[in-house]
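Written below as structure tokens is the structure these notes are about.
2 protein chains.
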Amino acid sequence: MAIVRQSKKRDAMLALLRGTDRHPSAEQVYRALKPDYPGLSLATVYRNLAQLCEQGLALRVGTVNGQERYDGHTRPHSHFICNRCGRVADLPQLSPGEGCVERLGVQYGFTAQRCEFVIRGLCKDCEDF
Amino acid sequence: MAIVRQSKKRDAMLALLRGTDRHPSAEQVYRALKPDYPGLSLATVYRNLAQLCEQGLALRVGTVNGQERYDGHTRPHSHFICNRCGRVADLPQLSPGEGCVERLGVQYGFTAQRCEFVIRGLCKDCEDF
DNA sequence: ATCCTTAACAGGAATGATTCCTATTAAGCT
DNA sequence: AGCTTAATAGGAATCATTCCTGTTAAGGAT
């Protein structure tokens with residue numbers, strides 16, 4: 000992998016991701032930082048989000064309404080996604096049982112790198128249409 | 000919901016989805032059926048896939064390389080997705096424990112509609128670079 | 001069997017998220 | 001201070017998906 004240099008904008012992006020539980024999209028990250036970094040480019044946001052994910056400092060949660068959502072909290076946990084408003088909420092890690100994934104890997108011929116557990120439904124605010 | 004009329008093309012799409020375990024993308028469905036339905040339009044594929052999902056006859060598995068993948072098998076089961084070749088494979092249902100999702104729904108304020116468990120990693124063919 | 005309403009459709013344009021490209025700037029070693 | 005090249009802006013390009021318009025056909029009503 001190439002050398003990673005210091006970058007104030009990337010640092011700010013990571014700080015933003017770590018300081019929220021809202022799992023923002025690239026566009027939302029862009030809009031949040033634009034006031035403080037007027038020269039910020041959307042391409043830079045995408046490039047740095049991709050790099051943070053490669054470095055294991057951020058995670059892609061999944062796409063909501065066609066937009067990828069990002070998470071700066073990398074300790075194992077699961078997510079709830081509201082099918083109406085698109086809100087993404089953290090849940091405690093839901094594990095399918097000790098050693099289960101490894102067993103499946105052997106049985107089906109794969110090596111697991113990550114497990115994602117997502118519950119989709121309606122959040123309290125959206126339940127009553 | 001509006002009335003649903005009979006449609007040979009939509010029937011063919013559902014039959015295709017039910018007859019494979021490859022979880023094709025819209026583009027792949029289009030290419031598979033185009034020979035038998037020369038007048039088939041990509042827009043029709045997208046429209047009918049969306050409708051099948053609304054009717055609960057098909058499921059969106061998740062996006063791989065920017066393309067949504069579809070599954071015509073609606074009995075609860077989980078998926079493995081290869082991070083290199085994009086292959087999507089079926090796994091037995093991985094459940095986080097009896098009543099667990101309901102309990103979380105009460106605790107965190109949501110009503111679950113679907114649970115997705117996805118394992119990402121490398122399939123046997125892609126393991127050795 | 002024919003008429004009517006409107007779902008299904010083709011084909012092409014539009015949208016919109018993401019990536020690519022080119023020239024410029026700036027980390028951070030030497 | 002000089003050098004290499006990562007980081008960047010800004011805009012163009014890509015590409016999956018959706019939208020739009022006019023046409024066709026499913027299937028109930030006559």
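Top line first, the protein sequences correspond to chains Z and Y.
Under numbering that gives the first Met the number 0, think of the first position of the first sequence as 0, with each following residue one higher.
Under numbering that gives the first Met the number 0, think of the first position of the second sequence as 0, with each following residue one higher.
Quick reminder that beta carbons are idealized off the backbone N, C-alpha and C, glycines included.
- The DSSP-derived three-state label of Thr62(Z) is strand.
- Runs of the alpha helix (DSSP H) lying entirely within the stretch 6 to 33 of chain Y, each at least 4 residues long, are 7 to 17 and 25 to 32 in chain order.
- No residue range can be given for Gln54(Z), since it is assigned to no alpha helix (DSSP H) and is classified by DSSP as neither H nor E.
- Between Gln50(Z) and Arg59(Z), the alpha-carbon positions lie close to 12 Å from each other.
- Note on the stretch 76 to 115 of chain Y: whole beta strand (DSSP E) runs with a minimum of 3 residues are 77 to 81 and 87 to 90, in chain order.
- Under the three-state reduction of DSSP, Leu39(Z) is assigned to coil, being neither helix nor strand.
- For Asp127(Y), there is no enclosing alpha helix (DSSP H), as DSSP gives it neither H nor E.
- In this structure, the CA atom of Ile2(Z) is about 15 Å from the CA atom of Gly55(Z).
- For the pair of segments examined, the stretch 71 to 89 of chain Z was found not to touch the stretch 27 to 45 of chain Z: the number of CB pairs separated by less than 8 Å stays below three.
- Below 8 Å, too few C-beta pairs join the stretch 14 to 29 of chain Y and the stretch 86 to 104 of chain Z to call them touching: fewer than three.
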